[in-house]
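Under UniProt numbering, the residues of the sequence shown are numbered 1 to 291, in order. A virtual CB, placed ideally from N, CA and C, is assigned to each residue, including glycine.
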Amino acid sequence: MSDTSTTRPAHASGTFPLGGDLPVHRLGFGTMQLTGRGVWGPPADPDEAVRVLRRAVELGVDFIDTADSYGPDVAEPLIKRALHPYPTDLVIATKAGFRREGPNRWTVDGDPARLRHQAERSLQLLGVDRIDLFQLHRIDRSIPLEDQVGELKALHDEGKIRHIGLSEVSIADIEAASRIAPIVSVQNEYNLANRSAESLVDYATRNGIGFIPWFPLATGALAQADGPLTEIARRTGATPSQLALAWLLRRSPAMLPIPGTSQLAHVDDNVAAAAVELTDAEYDELTEAVR
Numbered sequence: 001m002s003d004t005s006t007t008r009p010a011h012a013s014g015t016f017p018l019g020g021d022l023p024v025h026r027l028g029f030g031t032m033q034l035t036g037r038g039v040w041g042p043p044a045d046p047d048e049a050v051r052v053l054r055r056a057v058e059l060g061v062d063f064i065d066t067a068d069s070y071g072p073d074v075a076e077p078l079i080k081r082a083l084h085p086y087p088t089d090l091v092i093a094t095k096a097g098f099r100r101e102g103p104n105r106w107t108v109d110g111d112p113a114r115l116r117h118q119a120e121r122s123l124q125l126l127g128v129d130r131i132d133l134f135q136l137h138r139i140d141r142s143i144p145l146e147d148q149v150g151e152l153k154a155l156h157d158e159g160k161i162r163h164i165g166l167s168e169v170s171i172a173d174i175e176a177a178s179r180i181a182p183i184v185s186v187q188n189e190y191n192l193a194n195r196s197a198e199s200l201v202d203y204a205t206r207n208g209i210g211f212i213p214w215f216p217l218a219t220g221a222l223a224q225a226d227g228p229l230t231e232i233a234r235r236t237g238a239t240p241s242q243l244a245l246a247w248l249l250r251r252s253p254a255m256l257p258i259p260g261t262s263q264l265a266h267v268d269d270n271v272a273a274a275a276v277e278l279t280d281a282e283y284d285e286l287t288e289a290v291r
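Here is the structure:
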């Protein structure tokens with residue numbers, strides 16, 4: 001019998017039950033980097049993007065995060081090309097709520113009709129009958145929250161969405177949305193260098209809500225060879241990026257990091273973070289090192 005710690009190292013991250021009924025291993029994969037510059041257009045090497053996705057799943061990743069706006073309409077078809085027909089345990093989370101008008105240009109758009117259109121388009125582009133986790137990419141403050149989350153609830157009731165999540169929100173936002181429909185996850189920027197969502201992490205942990213930290217490596221800053229984690233990495237034998245991800249996994253049992261990369265060589269390194277076990281002293285040292 002093979003040892004899953006070596007053949008499927010992502011399993012070492014443990015599991016979290018999204019919505020109480022959808023278990024995922026806590027170290028996932030984010031697809032934003034599988035697009036062109038400025039998250040616009042196709043990647044320079046689509047075949048490499050396919051290899052990256054397949055390798056992540058080979059390593060035991062069963063939670064993939066994407067969005068209609070990645071490209072737009074680039075990341076979702078790449079997932080389908082790489083992985084369809086999907087493994088039975090693979091959970092794909094996608095998002096809607098942005099309009100894209102060019103590289104690095106993001107315009108919030110929570111129009112309920114558009115959210116519905118994008119959800120139905122994601123179903124088609126991903127090649128699925130139901131989206132496991134559909135997240136409101138941003139709350140559109142010009143439109144009543146009841147209309148936006150209410151539309152997602154309608155899609156849920158129609159069987160097109162299994163679970164609903166939010167992105168870049170406050171605790172008050174979660175509580176308001178939860179009065180409209182069950183919210184099973186929240187996705188905010190959070191990493192060793194940016195802990196502005198600290199209270200939100202604690203809230204999610206207490207309430208059984210998955211916390212998906214985007215930019216878990218602070219856009220690569222924490223993984224640099226001369227960065228603040230270099231000395232600790234030298235002593236522990238882990239890479240700086242592995243330490244940053246291991247710190248997140250240790251921070252909360254509800255934490256679901258989704259490090260992304262467009263390079264096959266980086267996938268193994270990131271997923272290996274699942275097996276890095278920090279001592280209390282190492283965790284505390286990392287916590288203080290990037291304050």
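Query, Result
"Please state whether the Cβ-Cβ distance between A274 and A93 is less than 8 angstroms.", "no"
"With a threshold of 7 angstroms on Cβ separation, who are the neighbours of Q33 within its own chain once the five nearest residues in sequence on each side are excluded?", "G260, T261, S262"
"For G227, tell me which candidate among T236, S241, P103 has the shortest Cα-Cα distance.", "S241"
"Which residues mark the beginning and the end of the beta strand (DSSP E) in which D132 is found?", "131-136"
"Looking at the structure shown, is H163 part of a helix, part of a strand, or coil, going by DSSP?", "strand"
"Quick one: which unbroken alpha helix (DSSP H) runs of 4-plus residues sit fully inside the stretch 146-219? Chain order, please.", "171-178, 198-206"
"Excluding the 5 residues flanking G14 on each side, which residues of the same chain have their C-beta closer than 6 angstroms to its C-beta?", "R26"
"Quick check: the Cα distance between L249 and D47, rounded to an integer number of angstroms?", "30 angstroms"
"So if DSSP puts H11 in a beta bridge, which residue, or which two residues, is it bridged to?", "Its beta-bridge partners do not exist; DSSP assigns none."
"What does a CB cutoff of less than 7 angstroms around T107 pick up in its chain, not counting 5 residues either side in sequence?", "F98, R99, E101"
"With a CB to CB cut of under 6 angstroms and the five nearest residues on each side skipped, what residues in its chain are close to L115?", "A96, E151"
"Taking the CB atoms as reference points, tell me whether A244 and L278 lie closer together than 8 angstroms.", "no"
"Within a Cβ cutoff of 8 angstroms, which residues of the same chain sit near residue 296, ignoring the five residues on either side of it in sequence?", "Nothing in the structure corresponds to residue 296, since the chain is present only between 1 and 291."
"In whole angstroms, what is the alpha-carbon distance linking R179 and D109?", "22 angstroms"
"Please classify S185 as buried or exposed, where buried requires at least 16 other C-beta atoms within 10 Å of its C-beta.", "buried"
"So A246 and A238 are supposed to be a Cβ contact under 8 angstroms. How far apart are they, rounded?", "7 angstroms"
"Report, in whole angstroms, the separation of the C-beta atoms of G127 and H84, which I expect to be a contact under 8 angstroms.", "5 angstroms"
"By DSSP, does L59 sit in helix, in strand, or in coil?", "coil"
"Do E189 and F215 count as a contact pair if the criterion is CB distance below 8 angstroms?", "yes"
"May I have the straight-line CA-CA distance separating T35 from I131, to the nearest angstrom?", "21 angstroms"
"Could you name the residues that DSSP lists as bridge partners for Q88?", "Per the sequence presented here, residue 88 reads as Thr, with Gln not at that position. Partner(s): none; T88 has no beta bridge."
"Starting from L22, trace the beta strand (DSSP E) both ways and give me its first and last residue.", "22-25"
"For V61 and D111, I'd like the C-alpha separation in whole angstroms.", "33 angstroms"
"Nearest-angstrom Cα distance between E198 and I171?", "11 angstroms"
"Spell out the partners DSSP gives I64 in its beta bridges.", "F29, I92"
"Quick check on the burial criterion: 16 or more other C-beta atoms within 10 angstroms. Buried or exposed for H117?", "exposed"
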